[in-house]
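Participant: Handing you a structure now.
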Amino acid sequence: MNTLMNTYSNRSTGLTPSLFPALNTSSQWSASSAATRSGKRATLSAGQLFDIEMGLFLLSQLLPTAPPDALPTLLADNGTSFLDRPTWTPKQHKLLNRGRMLLSHIQQRNVWSALLDAYTTIPDRLQAYDISADRSRFGEKTVGFFRNRIITLRQMVG
């Protein structure tokens, strides 16, 4: 069974262990939870890894020069700052709408920031994206087995 594709069923039943257990039932999260984990190496569930890499993939396709922290603004913005970009194709608008549907639960900046913090602490060999230490930029890894996940994301939302 492919756990990457069953992210929502796992979230709703709470079967997967999670770095952020409160996020499985509601969108509330406190910074104090992160402080207790700061000294530990984070572990991410398959659903959380999917969310992070899907979010980074969306940013790379829609706002390639934006920092990784820009995702919540992109997902939550109903104004004209992103939607009226004349350079966006219908395919990019479709990608944005699908991304908003899949990632609606991480529109809060603190939730996304905590996920990025956890992603940067997992072993490099498990990451499909490189994120700079100051989080000002990110990019796809050019080598590695897990880079194939990006191809899967592209096929899934494209």
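Quick note: the sequence shown uses the UniProt record's numbering, first residue 1, plus one each step.
In this text, a Cβ means the ideal position worked out from N, Cα and C, and glycines have one as well.
What you are looking at is a predicted structure, and each value in this text was computed from that prediction instead of being measured.
(1) Secondary structure at I122, three-state DSSP: helix, strand or coil?
(2) Do you know offhand how far T87's Cα is from S132's?
(3) Candidates I122, H93, T142: which alpha carbon is nearest I52's?
(4) Under 6 Å Cβ to Cβ from P72, same chain only, skipping five residues before and after it: list those, please.
(5) How should Q127 be labelled, buried or exposed, when 16 other C-beta atoms within 10 angstroms of its C-beta is the threshold for buried?
(6) What residue does the beta strand (DSSP E) around D130 start on, and which one ends it?
Facilitator: If we stick to the structure as given:
(1) Translated into the one-based positions of the sequence shown, residue 122 becomes position 122. Correct three-state label for I122: coil.
(2) By 1-based counting over the sequence shown, the position of residue 87 is 87. By 1-based counting over the sequence shown, the position of residue 132 is 132. Whole-angstrom Cα-Cα distance: 27 Å.
(3) For this step, residue 52 is matched to residue 52 along the sequence shown. Cα-wise, what sits closest to I52 is I122.
(4) Locating residue 72 in the sequence shown gives position 72, counting from the first residue. So the list reads Q107, R109, W112, once near-sequence residues are dropped.
(5) Position 127 of the sequence shown, counted from the first residue, corresponds to residue 127. Buried, because 16 or more other Cβ atoms sit within 10 Å of the Cβ of Q127.
(6) On the sequence shown, residue 130 is found 130 positions in, with the first residue counted as 1. First-last of the beta strand (DSSP E) with D130: 129-131.
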